[in-house]
Amino acid sequence: MGLFLQMGSSYCIRTELFRYKSGKNVVFSRANSIDASKLKENSIGFSSLLYSSTSKAQILHIANAGVGQKRGHSVIVTASPPTEDAVIATEPLTKEDLVAYLASGCKSKDKWRIGTEHEKFGFDRKTLRPIKYEQIAELLNGISERYDWEKVMEGDKIIGLKQYDIMGQGKQSISLEPGGQFELSGAPLETLHQTCAEVNSHLYQVKALSEEMGIGFLGIGFQPKWGLKDIPIMPKGRYDIMRNYMPKVGTLGLDMMFRTCTVQVNLDFSSEADMIRKFRAGLALQPIATALFANSPFTEGKPNGFLSMRSQIWTDTDNNRAGMLPFVFDDSFGFEQYVDYALDVPMYFVYRQKKYIDCTGMSFRDFLAGKLPCIPGELPTLNDWENHLTTIFPEVRLKRYLEMRGADGGPWRRLCALPAFWVGILYDEVSLQNVLDLTADWTPEERQLLRNKVPITGLKTPFRDGLLKHVAQDVVMLAKDGLERRGFKETGFLNEVVELVRAGVTPAEKLLELYNGKWGQQIDPVFEELLY
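Taking the working numbering, the leading residue of the sequence shown gets 9, the next gets one more, and so forth.
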């Protein structure tokens with residue numbers, strides 16, 4: 009399609025003609041030359057219209073058909089992000105289009121936002137067993153009716169919720185992970201006060217309904233009591249494909265799918281150079297974030313020998329799509345190099361005719377050439393590319409923003425601390441430069457060593473002439489300084505981490521102390537200790 013042709017710091021957007029399958033023609037972009045930072049406000053007037061997180065098919069649906077069909081108090085929408093493509097592109101995608109898709113995420117600093125995502129385990133308050141899909145469906149329907157969320161369906165099954173703004177672009181959403189982990193993907197918000205209020209509102213809504221149902225939710229990084237055989241399987245087609253594929257590429261992939269929870273923050277960049285700086289800082293510091301938020305020391309009722317079992321699991325899930333990405337530190341790194349990496353990460357699926365087609369192990373490069381064995385002759389859409397990017401799981405992930413992925417799930421107060429940590433570093437130029445200076449001489453071997461050791465030893469991990477704790481103390485102070493310079497009175501959200509790093513004791517170590525002391529080596533009290 010070649011929608012974006014790079015011209016210095018700008019992109020030329022040429023008129024593109026799409027055709028509905030019904031034969032209806034729609035002409036979109038009529039812009040001439042737009043700076044990458046202004047792509048969000050194009051001449052059509054749709055916020056984030058071009059290369060937004062929706063596909064072009066979804067954009068056409070929004071512009072011409074509305075979001076969905078009203079049913080009672082709710083709106084029924086199709087499964088997301090995979091949607092049935094409603095358009096046929098006039099030209100095939102090229103590698104340059106894939107690069108431009110990532111580059112279209114560049115935003116001026118005044119448009120930078122904070123997106124926080126977190127997952128939690130649902131459990132029956134009487135038996136402590138994981139809640140079943142039927143209970144989750146009841147909860148989703150209840151939230152939809154009581155708080156005016158729109159239902160997301162896969163076939164006749166409810167699999168999530170969304171709330172839309174007036175332009176029909178998705179804001180916050182609720183989705184289900186493979187084992188029923190309940191995830192809030194927050195809206196992109198301007199301040200930590202806003203994102204924390206969003207989390208608080210969500211947890212209030214969930215708690216109000218769940219208490220009526222006799223269920224609760226647990227803020228921890230790994231299922232502390234139950235085995236794989238005890239975890240329900242959610243009725244989502246993509247998860248069936250992943251479940252069959254995981255044992256072929258690692259020993260812990262099913263644990264990752266069904267027994268882990270995380271919290272992550274998504275942050276913007278202004279340019280390719282800014283993306284590179286933030287990507288490198290994020291990767292270098294990710295083991296520190298893992299240590300600060302380590303919160304998964306139990307497996308099937310007993311200590312598992314790790315402070316972050318969730319982090320350890322990623323070391324043997326699928327090394328083709330996880331890890332520390334040492335090439336990000338190469339002088340040649342940029343959007344194009346990340347596209348080259350992503351093109352060679354084996355695919356999971358393609359979504360066609362409302363079904364997931366198993367394409368595991370196949371190449372997106374072959375897909376670009378129309379040579380994908382699972383659907384020979386078909387060419388990819390931007391929606392296919394977007395979906396493929398979501399199946400890559402490094403410690404920091406690039407889409408049209410950067411995702412910091414190293415932290416365990418945890419209680420409410422730490423859900424707000426993680427974005428505070430990363431915003432203070434990555435959204436303040438002084439703190440970001442200080443971090444880059446601090447980590448500039450860290451070798452690839454040292455970064456990998458920290459990645460390998462931190463799940464076991466946390467802040468007590470030996471590093472050079474001291475402990476990781478000492479580096480973490482400096483980094484947390486840089487984050488606090490960065491928040492102060494932002495001027496939004498956000499430093500209080502870091503208090504939990506400031507106290508933690510001062511003591512040098514991870515959340516997991518505090519849980520182990522309770523387990524060996526007050527809890528009498530019984531695991532059940534953790535469900536009350538970390539109850540939302």
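All C-beta atoms in this analysis are idealised placements derived from N, C-alpha and C, irrespective of residue type, glycine included.
1) Since residue 326 contacts residue 261 with CB under 8 Å, what's their CB separation in whole angstroms?
2) By Cβ distance, which residues of its chain are closer than 8 Å to residue 335, with the 5 residues on each side in sequence left out?
3) Is it a yes or a no for the region 197–212 touching the region 276–283, going by three-plus beta-carbon pairs under 8 Å?
4) Looking at the structure shown, is residue 151 part of a helix, part of a strand, or coil, going by DSSP?
5) Using the C-alpha atoms, what's the distance from residue 314 back to residue 465?
6) Tell me the DSSP bridge mates of residue 317?
7) Could you check whether residue 358 and residue 392 sit closer than 8 Å to each other, using their CB atoms as the reference points?
8) Mapping the DSSP letters down to three states, classify residue 196 as helix, strand or coil.
9) Look up residue 215 in the DSSP assignment and say whether it is helix, strand or coil.
10) Can you tell which of 162, 167, 440 has the C-alpha that lies nearest to the C-alpha of residue 362?
11) Quick check on residue 310: does DSSP put it in helix, strand or coil?
12) State the DSSP-derived secondary structure class of residue 230, mapped to helix, strand or coil.
13) For residue 510, which option in 300, 248, 538, 211 has the closest C-alpha, if you only look at C-alpha atoms?
14) With DSSP as the reference, please indicate the residues paired to residue 357 in a beta bridge.
15) Helix, strand or coil for residue 330 per DSSP?
16) Based on the DSSP secondary-structure assignment, which residues constitute the bridge partners of residue 405?
17) In or out: residue 252 buried (at least 16 other Cβ within 10 Å) or exposed?
18) Is the Cβ-Cβ distance between residue 498 and residue 428 less than 8 Å?
19) If you follow the beta strand (DSSP E) that residue 169 is in, where does it begin and where does it stop?
20) Since residue 290 and residue 434 should fall inside the 8 Å C-beta cutoff, what is the C-beta to C-beta distance between them, to a whole number of angstroms?
21) Compare the C-alpha of residue 99 against each of 502, 160, 388 and name the closest.
22) Can you tell me the Cα-Cα spacing of residue 180 and residue 166, whole angstroms?
On the basis of the coordinates in this document:
1) That belief holds up - the Cβ atoms of residue 326 and residue 261 are roughly 6 Å apart, short of 8 Å.
2) For residue 335, same chain residues with a beta-carbon under 8 Å away, outside a window of 5 residues either side, are 341, 345, 349 in chain order.
3) Result no; under three Cβ-Cβ pairs closer than 8 Å.
4) Collapsing the DSSP output to three states places residue 151 in a helix.
5) C-alpha of residue 465 to C-alpha of residue 314: approximately 8 Å in a straight line.
6) Among the bridge pairs identified by DSSP, residue 317 is matched with none.
7) When the beta-carbon positions are compared, residue 392 and residue 358 come within less than 8 Å of each other.
8) Residue 196 falls in the coil class under three-state DSSP.
9) Here residue 215 sits in helix by DSSP.
10) Considering only alpha carbons, the answer is 162.
11) Residue 310 falls in the strand class under three-state DSSP.
12) Of the three classes helix, strand and coil, the one that applies to residue 230 here is strand, per DSSP.
13) Considering only alpha carbons, the answer is 300.
14) Residue pairing by DSSP places residue 357 opposite 366 in a beta bridge.
15) Three-state DSSP puts residue 330 in a strand.
16) The partner list for residue 405 (beta bridge, DSSP) reads 411.
17) Exposed, because fewer than 16 other Cβ atoms sit within 10 Å of the Cβ of residue 252.
18) Yes, they are a contact pair.
19) 165–172 is the extent of the beta strand (DSSP E) around residue 169.
20) Contact flag correct, Cβ pair sits at about 7 Å.
21) The shortest CA-to-CA distance from residue 99 to any of 502, 160, 388 is the one to 388.
22) In a straight line, the C-alpha of residue 180 is about 17 Å away from that of residue 166.
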